[in-house]
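Residue numbers (this note's numbering), protein chains in the order written: chain A, -13 to 319; chain B, -13 to 319; chain C, -13 to 319; chain D, -13 to 319.
Think of the CB as a built atom: it goes at the ideal place given N, C-alpha and C, for glycine as much as any other residue.
All values reported here derive from a predicted model rather than from experimental measurement.
Working notes, structure below.
See below:
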């Protein structure tokens, strides 16, 4: 197995999906050992580091990549399996950012109310206990929370010559901010340009569904992942397979459109796997769908449509790619 | 303990929340043994019974109630604990209804496309296996699914002299269609009028999150529930407590507003339980929220904000009402 | 012509559409001379009268009515022609109300930001110049604006046994808050219950499209109107005909659904008037629609789809009812 | 005055805002005489030319540009005045495109209903009468409509390294599809990158507000325009000044957010012009705003907030740039 190790210098960060030259070529079947900087570029290290002073917009959410996958062409399906996500620091940060987040006016949910106060919360990592600690500002409340590492951002270059900020989720993946993107998951993404040009970033030591305030427990991450390619079969929206679930992630506004997109794609997937016609698939999904929100704060909102495999007949998605990658992952130290 | 048994005749069904005279008075602390008809009024019994012929609009989703809770006044909190939900028939039904559902145009998401085909699916109940069976129309696909009984509709009379169709969810509860409303759950609802005038109905033998096609596995239900009252403390939105979770259910359009309402209410609840100020509550919720959708098909959409108790410090909500009701429920045969 | 004169006492105000007994019977063909109180119940008379102190929720937006139209049955079309709207006071009021309005968080567009400051603006009427005067609070800016009287609220009782707050617009009309509802306009509304039970209120001495802050130049009004009935033909959404335009008013959330509903209804109207099939009607409307917003602040938002008659072939809507009422109106002193 | 004449060859079309090298440099104060191809690349010439066969996605809506404006830097304001828009052909086209438009499901307002039928309508231009003719497909209905030329697309390169499809409107302008963009209008756009890199295209011989079916009366256009630059003062959203109106164009989803953005920006403009504080500006706008929709079909929806100058005190926006350009335009043959 070919192994690619890469840790970007700040000059090598990618700030968009699309519009960036590849940083490395990788062959299908390769293992990548990467490092990703946090969404704040590591600049929020203390509760006195406030976003309006410590961040330099638009240089947030730096991506590690893009990687050119040899042989990949538009219409193909990129398979990315996350073998391991390990926090790369002993602290992480979250913050309220003026006019950003789900419970505040923004540049387009434009309100006349003043911005919420800026606050930065620093979470200390307890590796032995595999936990982080929330420390309130306005009272002496403290709470230890389980670590649950995930990647907010996984995406390919978009179609139609577009380049999108790393803050955006859409059909190409990107900043979906779903807790489903954790070790053990395989993400299937449409290839839109030759080489796919995928990148990853935005490690979260944990995140709730919806990511209400707009920033999770943001931390630098060691990412171990497998890359493979399926010719053809590009899904309309990013799909995720785990040992337990199939999922599709729709991203749009309003939020019902994000949900509709993911539901529609899962009905297509049922058709591919079981030959169900769309109405029968619609009916079945109605009774078995899980529908956890991913984010309601980004440039598009993301909604996950998820189905437990234990409820479904056995089926082989993408030629058994997930199982194959799981087995390969088990051999990796 | 006072016990009220009631099974409505068709003439006694309630079709709205508000605007209906009470069918019974109940004292706080009472046990109710009720029967609820299914949302189709029992009229879909065969796959040849199509909604456009078998249903008489607007007479769908009949409610059992309303019940006048003695001593309850506007501003109080009604506590409804579901002791047991047992299917009352050995079959249930679901259907696509023209211009109703999440993946079709409707009267207001108005499209020029023709309606989806009508189909009725009949689910046979296997009591021994505690399951229902999905049978596809267009292929020979069949699938046994676990039973998971819940109530789509639980609500009080609305404020401001309104009467709302039993198809509507809002601050008064109503047609929230969330799978969280199952045996073991305690639902806290604002009292808006003297006597609260609550009713229940819309039994589902199971339902996925979002209820995509607009109808779950709809079936008549035996409902055993406890009713109690807390003076004052009316929540802004319906809240649910189980042994494992706290939840708040926001209902609005677009879907992001339903989510915002539930998130905002949970932050208020954190304030009540832990003294967290709103920004600290916002931060904490960002990292621990579960956000399963309830329905994306009704007159308002419903989004659940849910937090696992195991992540939180021990706290007593509503004077320990849920624990008290759980203990009482354990004594009921 | 039968003439009904009615000016409600405060005890006679209606606060909902539906759920209220008729205050008067009127025969089709009658002339009504009414008086309507302003949306604040006349309680904001000085800039020191702030909504949170001067208003008693939910008793706002009092309606004059409901009127039982003899012979009207569900499925019929009520025609209401506004002969004259004359301000009944020499002042009017507007205000910012906490957590109400288009550029502030609300109970469902729930934000954590504090409420906007409350302010009340009093507009003095200059009858001779037919104008009102805007006086800024924070600077010495003053501006004389033309009077342009309209009614925010015109509606029938809703279907399905519902009663809706007078703050709500929907298929039954209600609080549409469109400047199109002025003298010279004929409004066509579906009859949903025997007698139609329509009411009117919420006079505005002028209002911009969208009604951004949630309250127009609110003032008591003398309303002179004609009432008539067309058997059958109930429109899906309220329609308005003037000498110059045809219009349909959709009300929903999100705002695109309000727009879709009005557009869809206009395409239906094109079919009725010109025999255009839906796709040809869609194409024609695409090139000639005016689309002024009505309100983006109420329980549902309202969007007007409007077409200039000068662009269309001559056609007779509703058996020439608008022309007939215009002629009749011309004979009234 | 420097004059730049440019008519692109097909190889020179730009398909995105951003991500394209400048086709020409222009100095502030220059006159441009341009030609723009229609949004269908001229490929719909007969009613038998259907979009699914005649268009090659994503190569639609070709732009003429981008132009590098010498001396322009991020934060500056680009002023584009349209001196003349003259149809460049004696026909134009419109069409229904599968899963595109306001009254059909789309890739994200994902429905299970089949696509609407494809139809192409060809509009013949009558230059003498300055009109186009609508010809129905399904009946013998024909209608002569006044010509009313406008540009659907006017935009600069976006910020943050993004490149956006020419189908997208946002803060950089782009595919706003508003009938306000006609001869006599001055458009003010934020400069986001050195040189501004603006382009124009998407001529419409006429269009209704909302552009319901997604395509206007699309035709090639001769565009005569003036370009100038104001240092600093970049507006949050595109602004338009005419002899009669001030306008701001918000673009987002859901539609209420597009409206909010434009309203918020107009309140800022009131502050700049009259020193009104935000709450007084909010109040004034509430009473005088016009709010015609632009499009409810593109990747973002666009809503215009428009105020009649006759209602406002005299004021000078952008150092009198509009008046200056109008005077200059009057000197051009």
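Closest residue to residue 37/A among 85/A, 198/A and 245/A (Cα-Cα distance): It is 85/A whose Cα lies nearest to the Cα of residue 37/A.
Using a Cβ-Cβ cutoff of less than 6 Å, which residues in the same chain neighbour residue 256/A once the five nearest sequence positions on both sides are dropped? Shown here for residue 256/A: same chain residues with a beta carbon closer than 6 Å to its own, the five before and five after excluded, namely 262 and 267 in chain order.
Mind the definition here: the region 153 to 169 of chain B touches the region 285 to 305 of chain A only if three or more C-beta pairs lie below 8 Å; say whether that holds. No, the region 153 to 169 of chain B is not in contact with the region 285 to 305 of chain A.
Please say whether residue 272/C and residue 148/D have beta carbons closer to each other than 8 Å? No.
In angstroms with no decimal places, state the Cα-to-Cα distance between residue 97/C and residue 288/A. The alpha-carbon atoms of residue 97/C and residue 288/A are separated by roughly 20 Å.
CA-to-CA distance, residue 259/C to residue 303/C, given in whole angstroms: So the alpha carbons of these two residues sit roughly 7 Å apart.
Suppose contacts are defined by Cβ-Cβ distances below 8 Å. Is residue 128/C in contact with residue 119/C by that definition? Contact flag set, yes.
Count Cβ pairs between the region 179 to 188 of chain B and the region 132 to 147 of chain B that sit closer than 8 Å; are there 3 or more? The way I'd put it, the region 179 to 188 of chain B does touch the region 132 to 147 of chain B; three or more beta-carbon pairs between them come closer than 8 Å.
Please report how far the alpha carbon of residue 212/C lies from the alpha carbon of residue 67/C, in whole angstroms. Rounded to whole angstroms, residue 212/C to residue 67/C spans 5 Å at the Cα level.
Can you tell me the Cα-Cα spacing of residue 176/A and residue 159/D, whole angstroms? Between residue 176/A and residue 159/D, the C-alpha separation is close to 29 Å.
Between which residues of its own chain and residue 219/A is the CB-CB distance below 6 Å, once the five residues before and five after are set aside? The answer, listed in chain order, is 63.
Buried or exposed for residue 162/B, going by 16 or more other Cβ atoms inside 10 Å? Classification for residue 162/B: buried.
Quick one: what does DSSP say residue 93/C is sitting in, helix, strand or coil? When secondary structure is reduced to three states using DSSP, residue 93/C falls in the coil class, being assigned neither helix nor strand.
Hey, how far is the Cα of residue 73/B from the Cα of residue 3/B? Between residue 73/B and residue 3/B, the C-alpha separation is close to 24 Å.
Quick one: grab the DSSP three-state call for residue 162/C. If DSSP states are grouped into helix, strand and coil, residue 162/C belongs with coil.
Expressed to the nearest angstrom, what Euclidean distance is found between the alpha-carbon atoms of residue 290/C and residue 111/C? Spanning the two alpha carbons is a distance of roughly 28 Å.
Using only CA atoms, which one of 0/D, 93/D and 251/D lies nearest to residue 232/D? That would be 251/D, whose Cα lies nearest to the Cα of residue 232/D.
Using only the alpha-carbon positions, how far apart do residue 102/D and residue 166/B sit? Between the alpha carbons of residue 102/D and residue 166/B lies a gap of roughly 38 Å.
Could you pull the DSSP bridge partners for residue 281/D from this structure? In DSSP, residue 281/D forms a bridge with 196/D and 288/D.
If contact is defined by three or more beta carbon pairs under 8 Å, each pair taking one atom from either stretch, is the region 298 to 315 of chain A in contact with the region -6 to 9 of chain B? With the cut-off at 8 Å, the region -6 to 9 of chain B and the region 298 to 315 of chain A do not touch.
Taking only the alpha-carbon atoms, compute the straight-line gap between residue 150/A and residue 285/A and give it to the nearest angstrom. Taking the straight line joining both Cα atoms gives about 10 Å.
Those runs of the beta strand (DSSP E) which lie wholly inside the region 165 to 193 of chain B and span at least 3 residues: Complete beta strand (DSSP E) runs here, min 3: 172 to 176 and 184 to 190.
Near-chain A residues of the region 128 to 153 of chain D (beta-carbon distance less than 8 Å), N- to C-terminal order: Going along the region 128 to 153 of chain D in chain order, one finds 145, 146, 147, 148, 149, 150 and 151 with a Cβ nearer than 8 Å to chain A.
Residues of its chain near residue 237/B, where Cβ-Cβ distance is below 6 Å and the 5 sequence neighbours each way are ignored: Cβ neighbours of residue 237/B beyond the five flanking positions: 155, 156, 244, 286 and 288.
If we define contact as Cβ-Cβ less than 8 Å, is residue 196/C a contact residue for chain D? Residue 196/C has a beta carbon lying within less than 8 Å of a beta carbon in chain D.
Which listed residue (131/A, 27/A and 22/A) has its alpha carbon closest to that of residue 113/A: Selected option, being the one with the closest Cα: 131/A.
Per DSSP, what kind of secondary structure is residue -1/C in: helix, strand or coil? Correct three-state label for residue -1/C: coil.
Hey, residue 94/A and residue 247/D: beta-carbon distance below 8 Å or not? In contact: residue 94/A and residue 247/D (Cβ atoms closer than 8 Å).
Can you give me the C-alpha to C-alpha distance between residue 317/C and residue 276/C, rounded to a whole angstrom? Taking the straight line joining both Cα atoms gives about 32 Å.
Give me the chain C residues within the contact set of residue 302/A, using Cβ-Cβ distance strictly less than 9 Å, ordered along the chain. Per Cβ cutoff of 9 Å: no residues; residue 302/A is ~40 Å from chain C at best.
Along the region 231 to 247 of chain B, what residues have a CB closer than 8 Å to any CB found in chain C? For chain C, the residues of the region 231 to 247 of chain B that bring a beta carbon within less than 8 Å of one of its beta carbons are 236, 238, 239, 240, 243, 244, 246 and 247, in chain order.
Tell me, please, whether the CB atom of residue 225/C is closer than 8 Å to any CB atom in chain B? Answer no: the Cβ-Cβ gap between residue 225/C and chain B never drops below 8 Å.
Mind listing the chain D neighbours of residue 99/B? Cutoff is C-beta to C-beta under 9 Å, in chain order. Neighbours of residue 99/B on chain D, chain order: 89, 90, 91, 97, 99, 100, 101 and 102.
Under 8 Å between beta-carbons, which chain B residues line up against residue 44/C? List them in chain order, please. Under a criterion of Cβ atoms nearer than 8 Å, the residues of chain B adjacent to residue 44/C are, in order, 145, 146 and 147.
Can you list the residues of chain D that residue 2/A reaches, using a CB-CB cut of under 9 Å? What residue 2/A touches in chain D: 146, 147, 148 and 149.
For residue 108/C, I'd like the list of residues in its chain whose CB is within less than 8 Å of its CB, leaving aside the five on either flank, ordered along the chain. Correct list, in chain order: 30, 31, 32, 33, 77, 78, 79 and 121.
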